[in-house]
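One structure is given below, encoded as structure tokens.
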Amino acid sequence: MLIRRAMKGDLESVKRLLGENRLPSDHLEKQIDGLFVLEDDDGAIAGSACLCPGQPVELRSVCIRPEARGMGWGRQLVETVLGEAIDMEIAALYLRTGASGFFARLGFRELPMEELGEIWDGCSECPRLGTDECRHVPMVYEFSR
């Protein structure tokens with residue numbers, strides 16, 4: 025297993041991986057500098073994670089192929105991105121996820137609704153927010169200084 029920064033030649037494989045898991049990929053070309061990939065032992069792309077700068081700084085496109093799950097690779101991939109965020113002196117890293125338990129074990133916490141409006145207007149306006157239909161849990165990782 026190898027975690028490395030993505031190259032342009034990786035984009036199609038990452039888009040396919042995200043598409044198979046119903047995750048958006050429209051931001052990848054603009055965010056390639058923050059995109060990390062995980063290669064399996066055969067050199068195939070088995071995972072991705074993207075550190076997307078902006079307000080707020082987001083962790084997006086975290087995805088591991090089903091056959092590569094349960095080996096700790098997802099944890100290592102996210103920890104690599106967290107290390108990059110520390111190097112960039114980012115104060116907080118936000119995400120929306122359907123895997124809140126996984127991210128909570130890595131130190132992320134769920135955001136209360138009152139904090140959400142300022143951060144993601146799109147989420148706060150979604151009619152599915154707070155219902156059983158919403159798969160996205162907003163979370164934050166706050167770096168101590």
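Residue numbering for the sequence shown is 25 to 169, as defined by the working numbering. We treat Cβ as the ideally placed atom computed from N, Cα and C, and that holds for glycine. Keep in mind it's a predicted model, so treat the numbers as computed, not measured.
The segment 87-98 in contact with the segment 64-75 per 3-pair CB rule at 8 angstroms: yes
Start-to-end residues for the alpha helix (DSSP H) that takes in F127: Taking the first residue of the sequence shown as position 1, residue 127 is located at position 103. Run containing F127: S124 to R129, per the alpha helix (DSSP H) assignment.
Top-ranked residue by Cα proximity to V161, from S124, D34 and E139: Against the sequence shown, residue 161 aligns to sequence position 137. Answer by Cα proximity: S124.
Best match in P136, G122 and D64 for proximity to L101 [C-alpha to C-alpha]: The residue you call residue 101 lines up with position 77 of the sequence shown. Checked all of P136, G122 and D64; the closest Cα to L101 is D64.
Minimum length 4: unbroken alpha helix (DSSP H) runs contained in the segment 51-76: none
Residue range of the unbroken beta strand (DSSP E) whose run includes S85: Residue numbering aside, residue 85 sits at position 61 when the sequence shown is read from its first letter. Element bounds for S85: E82 to I88.
Residue interval of the alpha helix (DSSP H) (run including R29): By 1-based counting over the sequence shown, the position of residue 29 is 5. Note, R29: premise wrong, no alpha helix (DSSP H); beta strand (DSSP E) at L26 to R29.
In DSSP terms, what V164 is bridged to: Within the sequence shown, residue 164 is the residue found at index 140, counting from 1. DSSP, once it has assigned bridges, lists Y118 and R133 as partnering V164.
Contacting residues, own chain, Cβ-Cβ under 7 angstroms from A92 (five flanking each side not counted): Start at 1 with the first residue of the sequence shown, and residue 92 comes out as number 68. Same-chain partners within the cutoff: D64, A70 and G71.
Euclidean distance between Cα positions of F60 and V38: Counting from one through the sequence shown, the residue named residue 60 turns up at place 36. Counting from one through the sequence shown, the residue named residue 38 turns up at place 14. Approximately 10 angstroms between the Cα atoms of the pair.
Distance, E36 Cα to L42 Cα: Against the sequence shown, residue 42 aligns to sequence position 18. Against the sequence shown, residue 36 aligns to sequence position 12. Each residue's alpha carbon lies about 10 angstroms from the other.
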